[in-house]
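Scroll down for the structure; my scribbles are underneath it.
Spelled out as structure tokens, the structure:
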């Protein structure tokens, strides 16, 4: 839905405001109508690289880490378009009443430290959540010639026109929009 | 008279002196206990792992206390409210009191999610107002509306009144593309949100199609299996069983490779010249793909019951019919086919019921018009976490299967079914 509005000319900063209105939803569906007959919808993250590699589709939305892996570890000739990317943050959660709360807190502190976040980036091209990690991002774990910093969604050149996934919006509207989306699909 | 009779007869006794009748009853009782105790583990297992979870989940489809258990004061006020007049100060006061405790206990999300299921967009209304709850001062009606003017919408309050009832027909209403409202009872959902009824019909249609195709393809195979000489039929049996033993996921993925627009079939057709390179058939990621893949996967479930029935039909019946003057077609239709009905019934019912609940294959190859109701149930179980709605959808599906089973029993008779 967000991509449809961006494609229809809505600036990324206003996407969720527009999508929050009835007209905005109609506008997104109207934009999707224009490509409805040519789209393959995917559900699992492994699908987009597969569909691209098979030539089933010529371009696709995808998790950038999957595309990076297909490109650099499997030698596929894919290119990324970062303009209008949607990014999301991953979070750690400790369930209430956990028996190992102390150990879990230790782990969270460890794994979100500057050094560890930067190290993670050499295994998968997902941006570290700390700005201080950025300078320490190294090379791909299996290939020293690939500088991971260039492949980060958060790299300055890639991050110019990015939209953060608004989970509060989706918590409010996911059920309703999912029903509408499925109704639209089966029309 | 009975007394005199028993008195006059000398009771027959066992070796230890007890009357034989009593001894026999004891022995019978003991063997019955033994028989029952042999079944107890299985019975307990089925109860604990199957019957009770199903009943518990079905119960969730009509009972949901997420709101009332976290918003007790407001629930009390809402019960007294008629649902039509302007919400009064007491209700606002109860709202603020409940938001305060819910925020302290961090349970605000649960109640808010429940209301959001009835009235989209209210989850953040609850959480954002709860964040400001300490600043809210009496009169609460004014300050709450000032904090967020959405509270002035009576529909929010009506949605809360609906959700405050623990025992609710609301989920079944949603599962049937409707809404349960305070003032009008059951109303139809907005047209652009109606989806579930359509999916139920599609599920029935696809299942029936798959069943028909399986019968059409499986019947000749089963016939060959039953009539060919042992060497050939054993080889054929292995060809039926090998895919049967192969993982469902592997077979679905294989169909993707075969059917996709750059796949084997399309390549072949372009090569032969049936279709142009830029007009390849879309055989997958739609209903066609779902039907093809499901038919292939469910075929053994049709062939095996058919085979087991056909194996028991003596070939002499057909010969007798021929010798009495029937043409081969006539003999087949009048003599052979009626005898295979138990197999057709068993295979058909098996395939249909499996198809109705099919989930992985349509999820992978269904694309935009090949999704089934089970995919929606999975969505509500795993993603939206609206288990009550999933239970309601599942309940309707279960009821549908039971109705079909009942109809089958009436038309053909369940005793007439042979599963193997």
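Residue numbers (the working numbering), protein chains in the order written: chain A, 9 to 195; chain B, 27 to 446.
Note that the Cβ used here is the ideal one computed from N, Cα and C, for glycine as well.
- Using beta-carbon distances, residue 144 of chain A does not count as an interface residue toward chain B, since no partner is under 9 Å.
- Counting of Cβ neighbours within 10 angstroms places residue 97 of chain A among the exposed residues, the total staying below 16.
- DSSP places residue 88 of chain B in no alpha helix (DSSP H); its state is neither H nor E.
- Interface flag for residue 28 of chain A against chain B is set, since a Cβ pair is found closer than 9 Å.
- Along the stretch 134-147 of chain B, the positions whose C-beta sits under 7 Å from a C-beta of chain A are 142, 143, 146 and 147, read in chain order.
- If you draw a straight line from the Cα of residue 206 of chain B to the Cα of residue 224 of chain B, it comes to about 19 Å.
- With respect to residue 329 of chain B, residue 238 of chain B sits apart: the two C-beta atoms are not nearer than 9 Å.
- In the DSSP annotation of this structure, residue 152 of chain A is not part of any alpha helix (DSSP H); the continuous beta strand (DSSP E) holding it starts and ends at 151-155.
- Here residue 45 of chain B is bridged, per DSSP, to B:39.
- From the beta-carbon of residue 436 of chain B, no residue of chain A is found nearer than 9 Å; the closest lies around 33 Å away.
- Here residue 220 of chain B really is in contact with residue 191 of chain A; their C-beta atoms are around 6 Å apart, less than 8 Å.
- Residue environment for residue 17 of chain A: exposed (fewer than 16 other C-beta atoms within 10 angstroms of its C-beta).
- Within chain B, the C-beta atoms nearer than 7 Å to that of residue 191 of chain A come from 218, 219, 220 and 221, in chain order.
- When C-beta atoms of the stretch 149-168 of chain A are compared with those of the stretch 86-94 of chain A, three or more pairs fall below 8 Å, so the two segments count as touching.
- Annotation: residue 213 of chain B is outside any alpha helix (DSSP H); the continuous beta strand (DSSP E) that includes it extends over 211-214.
- Residue state for residue 138 of chain A is assigned as coil, using DSSP reduced to three classes.
- Within 10 angstroms of the beta-carbon of residue 78 of chain B lie fewer than 16 other beta-carbons, which makes it exposed.
- Contact annotation, residue 366 of chain B with residue 336 of chain B: C-beta distance approximately 6 Å; criterion of less than 8 Å satisfied.
- Taking 8 Å as the cut-off between beta carbons, none of the residues of the stretch 187-199 of chain B comes near chain A.
- Rounded to the nearest angstrom, the Cβ distance from residue 320 of chain B to residue 384 of chain B is 6 Å, consistent with a contact under 8 Å.
- Near chain A, meaning a CB-to-CB distance below 7 Å, the residues of the stretch 310-321 of chain B are 311.
- Nearest to residue 131 of chain B by C-alpha distance, out of B:209, B:157, B:144 and B:440, is B:157.
- Listed along chain A are 193 and 194, each with a C-beta nearer than 8 Å to that of residue 395 of chain B.
- Of all residues in the stretch 256-289 of chain B, only 282, 283, 286, 287, 288 and 289 come within less than 9 Å of chain A when Cβ atoms are compared, listed by chain position.
- Using a 10 angstroms sphere on the CB of residue 289 of chain B, the tally of other CB atoms reaches 16 or more, which defines it as buried.
- Residue pairing from DSSP places residue 205 of chain B in a beta bridge opposite B:213.
- Closer than 9 Å to the CB of residue 182 of chain A there is at least one CB belonging to chain B.
- In chain order, 414 place their CB closer than 6 Å to the CB of residue 90 of chain B, counting only its own chain and leaving out the 5 sequence neighbours on each side.
- With 16 or more other Cβ atoms inside 10 Å of its own Cβ, residue 326 of chain B counts as buried.
- Using a CB distance cut-off of 9 Å, residue 153 of chain B counts as an interface residue toward chain A.
- Among the bridge pairs identified by DSSP, residue 148 of chain A is matched with A:151.
- At a cut-off of 9 Å between beta-carbon atoms, residue 63 of chain A makes contact with chain B.
- Residue 248 of chain B and residue 360 of chain B have their C-alpha atoms spaced approximately 18 Å apart.
- Taking C-beta atoms as the reference points, residue 423 of chain B and residue 403 of chain B count as a pair closer than 9 Å.
- For residue 398 of chain B, not one C-beta of chain A is nearer than 9 Å to its own C-beta.
- Around the beta-carbon of residue 420 of chain B, 16 or more other beta-carbon atoms lie within 10 Å, marking it buried.
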